[in-house]
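Below: the structure, in structure tokens.
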């Protein structure tokens with residue numbers, strides 16, 4: 002131990018001697034510079050714009066020189082560790098104190114460049130030392146290395162907080178993040194380094210809450226996401242494919258991704274709800290990524306009730322998002338927060354329904370939710386609940402098989418009798434379209450809502466009519482492909498005429514658009530169904546019906562529109 006103290010004393014004396022020499026050189030150059038300036042520059046003349054500006058306190062070269070002295074000291078410590086002359090514990094403690102001292106100097110440096118240079122020096126001292134002690138010398142366990150990386154980042158953030166020294170924090174975070182990812186990949190011990198990355202993420206989010214170093218989150222979050230994704234992927238493989246990796250229990254595999262979601266979920270909620278900040282694109286994307294990783298871990302590693310637990314959590318989180326959207330963000334200056342939280346809500350309701358309930362119950366719940374949301378939106382004259390009702394209805398139509406049944410009923414092989422869920426969703430589609438109000442001065446989003454609702458409702462009606470007519474025709478004859486093609490052409494052309502008239506008559510432009518869309522559908526149907534599979538008689542009938550529809554739909558639309566305008570004018574005159 003005495004030899005160690007003597008060596009440290011000699012090292013300290015040598016560093017002080019070098020610093021005194023550098024300081025002496027600085028003092029020698031400054032008088033010569035000032036004398037030269039006084040001799041050649043008049044007193045009354047101010048400095049010209051082209052005159053070089055010399056550093057007043059510390060120049061670049063002295064700062065770099067001191068940083069290189071710090072690196073040299075790190076190599077001295079490495080040589081001492083390799084020699085085996087001193088206990089490794091003493092060398093480790095000394096090296097940590099050495100790196101921490103450079104961080105303190107970085108925080109106290111008067112110039113920003115000096116602060117950044119000393120912080121980089123501290124990072125270059127600590128990161129390689131920890132990597133060698135962990136991988137080469139096998140002295141530090143992974144948990145200790147991860148803990149030291151966490152302490153280094155937190156210590157750097159605390160020292161830089163008062164003066165808001167962003168370069169100092171960036172240097173510490175970059176070194177710690179890359180060291181953690183590298184050791185995670187090489188050592189195959191994932192959990193300690195993921196925990197260290199979580200500490201760095203928390204430090205970054207705490208700083209963001211104080212409006213400091215916001216861009217640092219863009220660097221930390223992807224690293225944490227990648228680490229958690231590696232954890233999930235590696236442990237989703239068969240056991241024979243992950244030989245050499247440290248075993249991780251199933252609760253830990255669920256807990257770590259959940260902590261990721263908690264960290265960023267709490268940060269996003271506190272910034273948007275408590276601090277009334279506008280949610281950023283980064284927060285939107287990171288929130289979704291964290292939730293997806295959490296959901297994957299619950300579905301793959303949670304016990305038997307993990308699926309139901311995740312679904313219940315989705316419902317609870319959806320309620321919280323709905324409350325935040327309609328209570329906190331229902332203002333003009335917080336529209337982005339309002340739309341983001343409400344979109345998350347509707348997605349969580351749909352996900353929770355399919356995770357918790359059986360398919361018939363999920364379809365029934367979404368159908369009821371679509372009607373309720375549409376009614377609430379119509380009563381409050383709000384578009385967002387009506388769009389939510391449309392999303393619920395579309396999800397129910399897809400899950401129940403309505404969309405598939407409609408496609409096969411209107412084109413291709415005719416399906417068998419549908420399930421009762423199909424007709425339930427079809428009735429809900431008609432009801433929701435009837436409830437959607439018509440605004441006086443409609444914008445594009447209002448027209449889009451009405452158009453999508455009309456398409457769902459019209460598809461349900463056309464499917465019902467084709468099914469009924471096919472059933473009636475099948476009672477008296479054997480239907481072939483040509484007969485089925487004619488029935489479909491007849492129904493679709495008739496529906497197009499009805500939509501053109503009703504849309505122009507009652508000023509529902511979305512019905513007229515749907516009518517022209519149906520004509521485009523019939524055009525494709527003639528090419529791909531009637532002509533290849535029909536005979537001369539059925540093809541002639543289909544073409545005749547199509548020609549009549551092409552002639553009559555524009556005429557009916559114009560006639561109905563003139564009548565509607567005449568009725569409106571007479572009403573105003575009365």
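Residue numbers (the numbering used here): 2 to 575. Idealized CB from N, CA, C, for every residue including glycine.
Beta-carbon proximity of residue i to residue j, cut-off 9 Å
i: residue 160; j: residue 97; result: no
i: residue 170; j: residue 217; result: yes
i: residue 394; j: residue 429; result: yes
i: residue 202; j: residue 285; result: no
i: residue 253; j: residue 192; result: yes
i: residue 119; j: residue 71; result: yes
i: residue 530; j: residue 474; result: no
i: residue 522; j: residue 493; result: yes
i: residue 124; j: residue 173; result: yes
i: residue 114; j: residue 81; result: no
i: residue 426; j: residue 377; result: no
i: residue 505; j: residue 558; result: yes
i: residue 343; j: residue 389; result: yes
i: residue 486; j: residue 520; result: no
i: residue 527; j: residue 490; result: yes
i: residue 226; j: residue 287; result: yes
i: residue 297; j: residue 195; result: no
i: residue 104; j: residue 157; result: yes
i: residue 593; j: residue 199; result: In this structure the chain extends from 2 to 575, so residue 593 is not present and cannot be described.
i: residue 215; j: residue 224; result: no
i: residue 130; j: residue 167; result: no
i: residue 335; j: residue 267; result: no
i: residue 117; j: residue 153; result: no
i: residue 542; j: residue 532; result: no
i: residue 375; j: residue 436; result: yes
i: residue 155; j: residue 68; result: no
i: residue 221; j: residue 178; result: yes
i: residue 185; j: residue 233; result: no
Rounded distance between the beta-carbons of residue j and residue i, thought under 8 Å
i: residue 262; j: residue 291; result: 4 Å
i: residue 356; j: residue 312; result: 3 Å
i: residue 397; j: residue 371; result: 6 Å
i: residue 255; j: residue 303; result: 5 Å
i: residue 468; j: residue 410; result: 6 Å
i: residue 471; j: residue 488; result: 6 Å
i: residue 359; j: residue 323; result: Contact doesn't hold; Cβ gap of about 24 Å is too wide.
i: residue 300; j: residue 308; result: 6 Å
i: residue 403; j: residue 450; result: That belief does not hold up - the Cβ atoms of residue 403 and residue 450 are roughly 19 Å apart, past 8 Å.
i: residue 339; j: residue 326; result: 5 Å
i: residue 316; j: residue 350; result: 7 Å
i: residue 282; j: residue 329; result: So it is not a contact: roughly 20 Å between Cβ atoms.
i: residue 280; j: residue 337; result: 6 Å
Extent of the continuous alpha helix (DSSP H) run through residue i
i: residue 346; result: 336-357
i: residue 212; result: Taken as a continuous stretch (DSSP letters only), residue 212 belongs to no alpha helix (DSSP H), as it is neither H nor E.
i: residue 130; result: 113-132
i: residue 79; result: 61-84
i: residue 250; result: Counting along the chain, residue 250 falls outside any alpha helix (DSSP H), and DSSP gives it neither H nor E.
i: residue 507; result: Neither: residue 507 is in no alpha helix (DSSP H) and is coded neither H nor E.
i: residue 402; result: First-last for residue 402: undefined, no H or E at that position.
i: residue 102; result: 89-109
i: residue 308; result: 307-324
i: residue 380; result: 360-381
i: residue 153; result: 143-162
i: residue 427; result: 421-436
i: residue 168; result: 167-188
(Q) Using a Cβ distance threshold of 8 Å, determine whether the segment 500-512 contacts the segment 554-561, with at least three qualifying pairs required. (A) Yes, they touch.
Q. Taking one C-beta from the segment 95-109 and one from the segment 158-174 each time, how about it: are there three or more such pairs within less than 8 Å?
A. yes
Q: Write down every uninterrupted run of the alpha helix (DSSP H) in the segment 264-304 whose length is 4 residues or greater and which is fully enclosed by it, in chain order.
A: 282-302
Q) Taking three-plus beta-carbon pairs below 8 Å as touching, is the segment 127-140 in contact with the segment 88-103? A) The segment 127-140 makes contact with the segment 88-103; the number of CB pairs closer than 8 Å reaches 3 or more.
Q.
Contact between the segment 402-421 and the segment 378-385 is defined here as three or more beta-carbon pairs at a separation below 8 Å; is this criterion met?
A. no
Q) Which whole runs of the alpha helix (DSSP H) in the segment 459-484 are 4 residues long or more, in chain order? A) The alpha helix (DSSP H) runs lying completely inside the segment 459-484 and spanning 4 residues or more number zero.
Q) Are the segment 508-524 and the segment 447-467 in contact at 8 Å, needing three or more beta carbon pairs? A) yes
Q: Decide if the segment 179-191 is in contact with the segment 235-255; the criterion is three or more beta carbon pairs, one per stretch, under 8 Å apart.
A: yes
**Q.** Continuous alpha helix (DSSP H) assignments of at least 4 residues falling wholly in the segment 485-560
**A.** The qualifying runs are 510-526.
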